[in-house]
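Every letter in the sequence shown is one number past the one before it in the UniProt record's numbering, and letter 109, counting from 1, is 109.
A virtual CB, placed ideally from N, CA and C, is assigned to each residue, including glycine.
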Amino acid sequence: MRLGDTPNSRTGLGLVHVYTGDGKGKTTAALGLAMRAIGHGIKVYMIQFLKGGTYVGEYLASESFMPNFTIKQFGKKCTYSDMYKQDRDYSCGSCRDCFMTSSEMISSSKEALELSKEITSSGDYGLVILDEINIALSFKYIKIEDVLEMITNKSESTELVLTGRGAPEEIREVADYVTVLQREKHPFDRGIMGRWGVEY
């Protein structure tokens, strides 16, 4: 759907959101929207570009108690995810085992984009979230032309969310919502690493 078009009259869905900026909360905002949609019985599919920590809260929730919510990750799986599920004292952020090489990030981003095209055009999901796709675009792991084409070809009844800092101007222009989260303070500045249940 293009900017200015009318949402699908049957569902009211079909617009495009962009959550960007250097502040915390882009993925969190998308997950809040997902929870709201699920509450109304809307099927949600989240594709996480460059993320593979299978023990993150949203992934565990989708597996255990959130119906109609599918998450597919395209990053390197956390080496310790099985251990974490048993011992919540494990702290993420120090081992770096989940980091990928540039070639791995390019390959996984392209694979994630192919699935994104399939899911967004299928009409099977009322809400599709492409988490961190803007990062993949900003590092040129995928082509902006391909993402714009995907947006043009998406199902008219699918609400689409694109998250990640550095959203290109071309993406902002075709979006119906653009929200920029601005960083003013963050615990990282005081050396406080990501905390389970808050950052992951």
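Range of the contiguous alpha helix (DSSP H) that encloses residue i
| i | result |
| --- | --- |
| Tyr59 | Gly57 to Ser64 |
| Ile106 | Ser102 to Ser122 |
| Thr28 | Lys26 to Gly39 |
| Met193 | Note, Met193: premise wrong, no alpha helix (DSSP H); not H, not E. |
| Val174 | Glu169 to Val174 |
| Val147 | Ile144 to Asn153 |
When the options are compared against residue i, the one with the closest alpha-carbon
| i | options | result |
| --- | --- | --- |
| Val161 | Gly23, Gly12 and Leu31 | Leu31 |
| Val51 | Glu169, Glu104, Ile119 and Pro67 | It should be noted that the sequence gives Lys, not Val, for residue 51. Among Glu169, Glu104, Ile119 and Pro67, the Cα nearest to that of Lys51 belongs to Glu104. |
| Gly123 | Val56, Tyr45, Tyr177 and Lys140 | Tyr45 |
| Thr101 | Val16, Gly75, Glu111 and Ser64 | Gly75 |
| Lys77 | Ser64, Val56 and Ala61 | Val56 |
| Glu114 | Met66, Glu132, Ile42 and Ile142 | Ile142 |
| Ala61 | Met35, Lys185 and Asp131 | Met35 |
| Ser155 | Thr163, Lys110 and Thr120 | Thr120 |
| Met66 | Ala29, Tyr125 and Gly39 | Gly39 |
Residues of its chain near residue i, where Cβ-Cβ distance is below 8 angstroms and the 5 sequence neighbours each way are ignored
| i | result |
| --- | --- |
| Arg165 | Thr20, Gly21, Asp22, Lys26, Asn134, Ile135 and Ser138 |
Distance cut-off 7 angstroms: residue i Cβ against heavy atoms of the ligand MN
| i | result |
| --- | --- |
| Met100 | As presented, the structure is devoid of all ligands, the ligand MN included, so that no description of it is given. |
First and last residue of the uninterrupted beta strand (DSSP E) at residue i
| i | result |
| --- | --- |
| Glu159 | Glu159 to Thr163 |
| Leu127 | Leu127 to Asp131 |
| Thr20 | Val16 to Thr20 |
| Val178 | Tyr177 to Val180 |
| Val44 | Val44 to Phe49 |
Proximal residues to residue i (C-beta, below 6 angstroms), its chain only, five neighbours per side dropped
| i | result |
| --- | --- |
| Thr180 | Per the sequence shown, the amino acid found at residue 180 is Val instead of Thr. For Val180, where only same-chain residues beyond five positions count, the Cβ hits under 6 angstroms are Thr20 and Gly21. |
| Glu184 | none |
| Gln48 | Gln73 and Asp131 |
| Thr70 | Tyr45 |
Rounded distance between the beta-carbons of residue j and residue i, thought under 8 angstroms
| i | j | result |
| --- | --- | --- |
| Val174 | Ile151 | 6 angstroms |
Nonlocal neighbours in the same chain, by C-beta distance under 7 angstroms from residue i, ignoring five residues either side
| i | result |
| --- | --- |
| Lys43 | Asn68, Asp124, Tyr125 and Gly126 |
| Glu170 | Ile144 and Leu148 |
| Ala37 | Val44, Gly126 and Leu127 |
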